[in-house]
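Quick note on my numbering: the first sequence kicks off at 104 and runs consecutively.
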Amino acid sequence: MPATHQLKETSFAERCYRLLRKVPKGKVTTYQELAHGLGTKAYRAVGTAMNKNPYAPQVPCHRVVKSDGSIGGFAHGSQKKIAMLKAEGIEIKQGRIVDFEARLKSFS
DNA sequence: CGGTTGACCAAGT
DNA sequence: GACTTGGCCAACC
Numbered sequence: 104m105p106a107t108h109q110l111k112e113t114s115f116a117e118r119c120y121r122l123l124r125k126v127p128k129g130k131v132t133t134y135q136e137l138a139h140g141l142g143t144k145a146y147r148a149v150g151t152a153m154n155k156n157p158y159a160p161q162v163p164c165h166r167v168v169k170s171d172g173s174i175g176g177f178a179h180g181s182q183k184k185i186a187m188l189k190a191e192g193i194e195i196k197q198g199r200i201v202d203f204e205a206r207l208k209s210f211s
């Protein structure tokens, strides 16, 4: 078969979006866990993909936070990200997710 | 193909 | 607790 025809056009970013969709409302995940679920260590590249995110708000990129429970970045400003999370029932105090580990979705 | 960039991470100070 | 440093990997030029 011709190399020009790929059955899966899944770029790294596309895989991120697909996996991220599985995160339910009211929970969060981290760049690191997301990368781990994809079988890679490119947590930095995950952040780059989130910044592009053409599928927002279908893909909940606002539910992705840093590994230590702090908020991380957001294309429209981190304050906006905090507001969206709060609207989903996730509280943020002093730049940190409240009860972070209990809210964390992992992809083993 | 090399250099730069970035919504990161972990360890050290 | 914060700030700094080195490392990490994919995308872009």
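In this text, a Cβ means the ideal position worked out from N, Cα and C, and glycines have one as well. Here the structure is a predicted model, which is why all the values come from computation and not from measurement.
Output needed for residue i: all residues of its chain with C-beta closer than 8 Å, excluding positions within five of it in sequence on either side, in chain order.
| i | result |
| --- | --- |
| residue 132 | 123, 126, 166, 167, 168, 207, 208, 209 and 210 |
| residue 154 | 176 and 178 |
| residue 161 | 124 |
Determine whether the beta carbon atoms of residue i and residue j lie at a separation below 9 Å.
| i | j | result |
| --- | --- | --- |
| residue 148 | residue 159 | no |
| residue 172 | residue 194 | no |
| residue 146 | residue 170 | yes |
| residue 144 | residue 192 | no |
So if DSSP puts residue i in a beta bridge, which residue, or which two residues, is it bridged to?
| i | result |
| --- | --- |
| residue 196 | 199 |
| residue 132 | 167 |
Excluding the five sequence neighbours on either side, which residues of its own chain have a C-beta within less than 6 Å of the C-beta of residue i, listed in chain order?
| i | result |
| --- | --- |
| residue 152 | 116 and 119 |
Which residue spans inside the region 154-197 form an unbroken alpha helix (DSSP H) run of at least 4?
-> Given a length threshold of 4 residues, each whole run of the alpha helix (DSSP H) inside the region 154-197 is given here in chain order: 181-190.
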